[in-house]
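First comes the structure, then the notes that go with it.
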Amino acid sequence: MLTSERVEQSSAIHMQFRDCHEGHKPHAGLDPTKASTGVVWTSERAYEHGYMDDPDSWANLGQGAPEVEDEIEGCFERPHSVEVTMGGREYGPTAGIKPLRAAIANLYNAHHRAGKESLYSWENVCVVPGGRAGLIRIAAVLGHAYLGFFIPDYTAYNEMLSLFRNFGTIPVPLNRDDNYHIHPEKIEEEIARGTSVFITSNPRNPTGQVITNPELGQIQTICRDKATLIMDEFYGGYNYTSDCDGTVVSAADNIENVDDDDVLIIDGLTKRFRLPGWRVAWIIGPKEFIKAIGSCGSYLDGGTNVPFQEAAIPMLEPNRVKKEMKALQTHFREKRDYAIGRLREMGFKIEEKLVPQATFYLWLDLRHLPDAINDGLNFFEACLKEKCIVVPGIFFDLNPSKRRDLFDSPCHHYVRLSYGPRMEILKKGLDAIERVVKKYGKPDEAIESEGEGKTATLELSKNSPRVLGTTGEDDVLNAVFQSKAPGPKLDPLAAVKSIHSQLFDKIVQKTPYCSASTTPQTQPLCSSLNSPAEEVAYIRPKSSPKLGKDDIRRYLTRFQESQTYFPFVRLPYNITLETMMRSHPFLLLGILAAMSVPDVDVHQRLDAKFKRVLSEKTIEREEKSLDLLQGLLVYLTWYPIHLNPKGLQVMKFLQMAVDLVVDLKFDRHSDMLFDIKSRDSDTHKLSNERLAYLGCYYISTSIVLPFGRHQPIPFSPYMQFCLEFLPHDDTEARAQVLVKVHHLVEQATELNKIGAQPGSLSKDSQIELLIRRLDAIQQSLSPANACHPSMIFSLDFARERIYAVHTPMPKFPVHPDSPYSRIHLSECLAVIIKLLTHIISLPPTVFTTFTYPEWYHIIEMLVGLSRLCFPIPSIPSWDPASTRQIAKYLPLVTGFQAKMEEVVKLLASRSSPYGENGHKKGTVSIPSLFSAVLTILVDQYKERVYSFIDVDTPFNLFDPQDHQNTPHITTLPDSQQYHAIPTESQHIESIYPMKSGLCPVMSGALRSTGYWDAMDAFKNEIGTTGGVTNGADGDAWMGSTVDGELFDGNIIEDCGLWDLQAAQWEGNFH
């Protein structure tokens, strides 16, 4: 059996498709690829096989049109001729003639607005020459926005979305396992990410699914005043969910005010009135929208044929339409049931949940067919030879930006089959499909795995197990990450590698999270680190299930939904798992480790595999690649800080990423020598390298600045050059802006550290300069980027950090007060209140996609708020009492704590195929950690404000303090003491003595919280982690032990140990 890739490469129809689309070379001034939509392309191929010469001998199950004959029982007879009046000879209004517009409004009021105050008038209706023309008109009047579209969907959307540049397109893939359903929660989440326009067919083409009330109403409520809905309702009459009673599915049912609700409905005579040749359609919506849509028809299409408009008016009488819809639904449901029955007899697997509830389409799964016909293109080609037309599924996988190979599409193994034609044509088409199936072999009883039995090919099974394999077993990742044993020759490097192997075995191999398939093969120098009893105790049963392909796809989907927050690693939204394994294996592993964090048990195992493979690649194989760097960046971006909040292991991973940037020479490029900034001169590879370099700086500032550490990747001239490069799209532009903003944060932090230097501008002047630069960046944003959550976070955070320069931080010297200090700190307070209020207003789903930088921003905001609520030593005139009154610290922090509890409940409510993510004592997640910390902060604040006699002493809830050793601060000496810049030793003792910490994580206050109990219980339930046995102390997860030394979870952590061992071996061998 041939693999899918070989089938595609050897298939004439695939090559023809490539030549016609992505690979086509246009003539000068003409791009013929713009002319070919999916149905048109299939018709053109059918013409080549003789369809045009003898159409009556063919079965066209591809054309998206219903039967037009007057043979359906109960349906009214269509006109056989149309009278042309004198008015019909004239140009008609581009918005349609008034009598037809009034008739359409009356139909919707009768069927969807009965009993409601707000009714449609003729001014709410625009008549257009067909559905595509209507879509083009709507696209022409859209403003700058993110437009969300769902996959799969109507093929013509692809061309509409690619023609216009006034909006950015955001794909939202739907899941077959979830019946391709659009959930209200998904809409809410997309709005929170910045999407302000949605377009979708409902009922849905090609899947035949439908969103009905009350869920449709919930979606409209979510979008009200936040997003515009474009509802393609051409199939609304083909509704089988109400027992064929004539009910038409429409968003018009749920509109509160016809002129205020931003809902545009498009329908027409084409589908439910079975008159596709008339090209009469309409758009219904607020008058303001309709006026603009009508006007743009003057330069887009010229308007609709007037005689057909006049002839359509009597068809729209409400009672007549109701009777028509009953007959239509009964007839087409019978044809649906007939087609499904025939296909099931042939061996096609059509699950009951996937039976279409509307439209006249079947979304046919071909994966169980023989390789030669198990993809849409080859099945289509085979059907053509039997004089039957279907539509390959890839045409419904919208790809307006042309950013991926369509052969990576999850729709590639599907076709759309229409049961719209007359019954005799439908029977003829199904007979042809049956001949195709018999010719190539009957479908198997179950969906076979792709390349079953081949070690280099992944398993695909609907019964695919859910959890990672362990010692002695393979899982789907092992075919990619195979260990390579080094040669027998022992040299200093091999000796260091051997130490690495021993230590890694000590820390990771004996945990229940690892698979032996990636264990380094270096012969240990000492085998006494693990006793046999220890090793037996930690071996997981060999029957432990594996990580299946469906599980990996689930995590890939989660990443695709979250990657908008980290635009530095671009992943096509529906790249296949096979392509990832082949071209980006370590990036895939990084994504799995990062996206599995909510499934804590599985994350621990994937995390161990990630670290093991990383150590092999960097130490065993000395690998350096973009794939390795991108995997590290993704891992760092969603780093699980909640699993070891006291650990600094993240610093080591960051240094590895920086080293890769330098070794790969991504921090310099010849383009800079020639000042090449043209988009045309760029390549996909160079763009990814540049984004990885910028992403490394972005994540580095988020990690090192909170700890006051040295920036390992400096802002360089080449980085500035990269920021001036013309971006390909809004996503790349957002990446550039994020780096610019973080560079300002870095400059503000440096100014906080060292103050204004001799000969430079004053500190206040430099603050104003940084703010002006930030304002310039904000004003340069596109409308789509300006409303993106990551932009809102970063811009407000940078503004707060710049204005907060006057608040001294631990180990940083204080600076004299100045007239602007209080003004700047007041601005700082206003920004913090604004951003925290915004954060509290976000829906819980948004927090599930946050990255390390977003959580870092929130932490810094809380720290800043705390500092401002108490006296600031460098600014004795600061009024903390008024600040506490203005800031409303307790409502803000308790509000945020309540929001975190909502997120915790949301995560707990999401069923996981891997089991529970916590314990009866609580859940283990970043939101639950934040909730615990916030509870402590509230208690500390209350204790400070309500219990102490002298509240206004230099104090805040995060900076390390020792009240017993700082009596001079408690008594508040005169202001002159604060105007003197002390030495570092004086500073530490007098203002921020590093004796004991008040940060809940560093001080150990977490011990008294439910989060500590949950983490401890979780660790004790699953067994040993890094040397901690059942029933061990809860401190264990804050750092593990190796031979009595604190060792923070992985070999990469203890650089000092590595330096020592390497030096010893070097001395021995020289």
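Here the sequence shown stands for residues 1 to 1070, numbered as in full-length UniProt numbering. Beta carbons: idealized from backbone N, C-alpha and C, even for Gly. Just so we're clear, the structure is a prediction, and the values are computed from it rather than from any experiment.
Option in the options with minimal Cα separation from residue i
i, options, result
"Glu937", "Val904, Glu901, Val863 and Pro876", "Contrary to the premise, residue 937 reads as Leu rather than Glu in this sequence. Of Val904, Glu901, Val863 and Pro876, the residue nearest in Cα terms is Val863."
"Val84", "Arg101, Ala227 and Gln309", "Gln309"
"Gly143", "Ala105, Glu71, Ala227 and Leu628", "Ala227"
"Thr330", "Gly74, Ala252 and Leu147", "Gly74"
"Leu300", "Glu317, Thr894, Ala133 and Arg367", "Ala133"
"Pro783", "Ser841, Asn752, His742 and Thr731", "Thr731"
"Met651", "Ile619, Leu629, Pro314 and Ile699", "Ile699"
"Val661", "Tyr693, Gly631 and Ile641", "Tyr693"
"Val172", "Met160, Asn166, Leu163 and Ile191", "Ile191"
"Val306", "Trp363, Pro93 and Asp1016", "Pro93"
"Thr169", "Glu189, Gln711 and Thr195", "Thr195"
"Ser866", "Arg884, Trp855, Pro853 and His857", "Arg884"
"Gly64", "Asp225, Thr270, Glu44 and Glu123", "Thr270"
"Arg772", "Leu744, Leu751 and Ser790", "Leu744"
"Trp41", "Trp122, Phe380, Leu369 and Leu426", "Phe380"
Sheet register partners of residue i (DSSP bridge)
i, result
"Cys411", "Per DSSP, none; premise fails for Cys411."
"Asp232", "Ser201 and Ile266"
"residue 1120", "Any question about residue 1120 goes unanswered here, given that the chain covers just 1 to 1070."
"Leu890", "For Leu890, which the question treats as bridged, DSSP gives no partner whatsoever."
"Trp363", "Arg416"
"Asn60", "Ile389"
"Val127", "Trp282"
"Thr195", "Tyr146"
"Ala358", "Asn239"
"Ile151", "Pro173"
"Ile875", "Ile872"
Endpoints, alpha helix (DSSP H) assigned at residue i
i, result
"Phe94", "The question names Phe, but residue 94 in the sequence shown is Thr. First-last for Thr94: undefined, no H or E at that position."
"Leu300", "Lys287 to Leu300"
"Gly376", "Gly376 to Leu384"
"Arg89", "Met86 to Arg89"
"Cys244", "Note, Cys244: premise wrong, no alpha helix (DSSP H); not H, not E."
"Gly115", "Neither: Gly115 is in no alpha helix (DSSP H) and is coded neither H nor E."
"residue 1123", "Only positions 1 to 1070 of the chain appear in this structure, which leaves residue 1123 out of reach."
"Leu313", "Looking at the sequence itself, residue 313 is Ile, so the reference to Leu does not match. Premise fails: Ile313 is in no alpha helix (DSSP H) and is neither H nor E."
"Ile425", "Met423 to Tyr440"
Proximity below 9 angstroms, CB of residue i to CB of residue j
i, j, result
"Ile182", "Phe150", "yes"
"Phe930", "Tyr565", "no"
"Arg272", "Tyr235", "yes"
"Leu264", "Gly285", "yes"
"Leu316", "Ala95", "no"
"Phe568", "Asp627", "no"
"Leu275", "Val68", "yes"
"Pro356", "Gly208", "yes"
"Ala105", "Val125", "yes"
"Pro843", "Lys905", "no"
"Lys763", "Asp796", "no"
"Lys609", "Leu664", "no"
"Ser780", "Val831", "no"
"Met580", "Leu614", "no"
"Leu135", "Pro152", "no"
"Ile394", "Leu377", "yes"
"Ile211", "Ile219", "yes"
"Leu384", "Ala139", "no"
"Gly708", "Ala735", "no"
"Arg690", "Phe666", "yes"
Heavy atom of the ligand GTP within 8 angstroms of residue i beta-carbon
i, result
"Pro891", "Questions concerning the ligand GTP fall outside what the structure shown contains, since it holds no ligand whatsoever."
Bounding residues of the beta strand (DSSP E) (the contiguous stretch that carries residue i)
i, result
"Ile168", "Residue identity differs from the one stated: residue 168 is Gly in this sequence, not Ile. Run containing Gly168: Phe167 to Pro173, per the beta strand (DSSP E) assignment."
Three or more C-beta pairs below 8 angstroms linking the stretch 187-204 and the stretch 220-235: yes
Flag this pair as touching only if the stretch 338-346 and the stretch 126-137 have three or more C-beta atom pairs under 8 angstroms; answer yes or no. no
So, do the stretch 54-63 and the stretch 243-260 have three or more beta carbon pairs nearer to each other than 8 angstroms? no
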